[in-house]
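Numbering (this note's numbering), first residue to last: 47 to 235. Notes follow the structure.
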Amino acid sequence: MKELPNDLKSHIRRVILKRAIPCAILLAACGALLFFLGERIFNMENVQMRILCYIVVMLIPFAVTGLPMKLIDRTYCGEVLDARVKRTVDNESYVKPTLEHMYFKNTVYLDIRLDNGKEITVKAYEGRDDDLNPYFYHKGDRVFHLYGSRYTIVLPPDTANAVRCPVCGIKNLKENGKCADCGHTLVTK
Ligand SMILES: [Zn+2]
Numbered sequence: 047m048k049e050l051p052n053d054l055k056s057h058i059r060r061v062i063l064k065r066a067i068p069c070a071i072l073l074a075a076c077g078a079l080l081f082f083l084g085e086r087i088f089n090m091e092n093v094q095m096r097i098l099c100y101i102v103v104m105l106i107p108f109a110v111t112g113l114p115m116k117l118i119d120r121t122y123c124g125e126v127l128d129a130r131v132k133r134t135v136d137n138e139s140y141v142k143p144t145l146e147h148m149y150f151k152n153t154v155y156l157d158i159r160l161d162n163g164k165e166i167t168v169k170a171y172e173g174r175d176d177d178l179n180p181y182f183y184h185k186g187d188r189v190f191h192l193y194g195s196r197y198t199i200v201l202p203p204d205t206a207n208a209v210r211c212p213v214c215g216i217k218n219l220k221e222n223g224k225c226a227d228c229g230h231t232l233v234t235k
């Protein structure tokens, strides 16, 4: 694909804002806390130690919102060189995992050759074993992922008439051009 349609570009902007705003609010809150109460909370002689405490407090918003990790995502399009499925056991409860909370999780890693020739490895899918068949990526498939989306979609060959929406993952008819569910432009090539 040459260039992203405008509605997908603005979708990416919205996703980034949605992720950055909570972090900005927390940063402002921590900044205000330090400004007004910093000296009282970190009432210590050692100035270097106090600066260190300030820095740690200001890093909390990034740790809580996970913003740096979330910004690492990117839009890509390319050909699948290899697909690997890793099956692990996970649980729904972080507090007290019991047998009922445990389930098999599939994680799919793809080696992809991008259109510019660069090769990357990405985590294309993660979900319950019964959720969705993770073995749907094959060598030679052309795949597309939009920044911030949960989905890495397989672009259909010319003979196929269905394609998943890059934003919500719903299957659509290629000729419709727009997703029937969320209205975003379908990426087909
Ligand atoms: Zn959609």
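Where is the CB? At the ideal position from N, CA and C, for every residue including glycine. All values reported here derive from a predicted model rather than from experimental measurement.
(request) Could you check the C-alpha separation between Phe190 and Lys132 for me, to the nearest Å? (result) Between the alpha carbons of Phe190 and Lys132 lies a distance of about 21 Å.
(message) Using the three-state DSSP reduction, which class does Met148 fall into: helix, strand or coil?
(response) In this structure, DSSP gives Met148 an extended state, which the three-state scheme calls strand.
(message) Less than 8 Å between C-beta atoms, sequence neighbours within five positions excluded: which residues of the same chain meet that for Val135?
(response) Taken in chain order, the residues that qualify are Met148, Tyr149, Phe150 and Lys151.
(request) Locate the alpha helix (DSSP H) running through Thr111, then write down its first and last residues. (result) It spans Val93 to Thr111 - the alpha helix (DSSP H) in which Thr111 sits, taken as one unbroken run.
(message) Whether or not the segment 121-128 and the segment 73-88 are in contact is what I'm after, with contact meaning three or more pairs of Cβ atoms, one per stretch, closer than 8 Å; do they touch?
(response) Contact check between the segment 73-88 and the segment 121-128: fewer than three CB pairs, one atom from each, fall below 8 Å, which does not count as touching.
(message) Using 8 Å as the cut-off, can you tell me whether the segment 184-201 makes contact with the segment 53-70, which would need three or more C-beta pairs spanning the two stretches below that distance?
(response) Segments in contact, yes.
(message) For Lys217, report the span of its beta strand (DSSP E) as first-last.
(response) Per DSSP, Lys217 belongs to the beta strand (DSSP E) from Lys217 to Leu219.
(request) Could you tell me which residues DSSP puts in a beta bridge with Val154? (result) Answer is Val131 and Tyr171.
(message) With three or more beta-carbon pairs closer than 8 Å as the criterion, would you say the segment 208-221 touches the segment 75-90?
(response) No: the two stretches stay apart, fewer than three of their Cβ pairs being nearer than 8 Å.
(request) Look at Tyr171 and Thr198 and say whether their C-beta atoms are less than 8 Å apart. (result) Yes.
(message) Taking the alpha carbon of Arg196 as the reference point, which residue from Val168, Lys48 and Gly163 has its own alpha carbon closest?
(response) Here the closest residue by C-alpha is Val168.
(request) With a threshold of 16 other CB atoms inside 10 Å of the CB of Tyr140, please say whether the residue is buried or exposed. (result) Exposed.
(message) Suppose you measure from the CA of Ala226 to the CA of Lys235; what does that come to, to the nearest Å?
(response) Just so you know, the alpha carbons of Ala226 and Lys235 end up roughly 19 Å apart.
(request) Following the continuous alpha helix (DSSP H) through Phe82, name the residue where it begins and the one where it ends. (result) Element bounds for Phe82: Asn52 to Ile87.
(request) Compute the distance between the beta-carbons of Leu232 and Lys217, then report whether it is under 8 Å. (result) When the beta-carbon positions are compared, Leu232 and Lys217 stay at least 8 Å from each other.
(message) Assuming Ile23 is part of the beta strand (DSSP E), what are its boundary residues?
(response) No answer is possible for residue 23: the residues shown for the chain start at 47 and end at 235.
(message) According to DSSP, is Asn222 part of a helix, a strand, or is it coil?
(response) DSSP, read as helix, strand or coil, puts Asn222 in helix.
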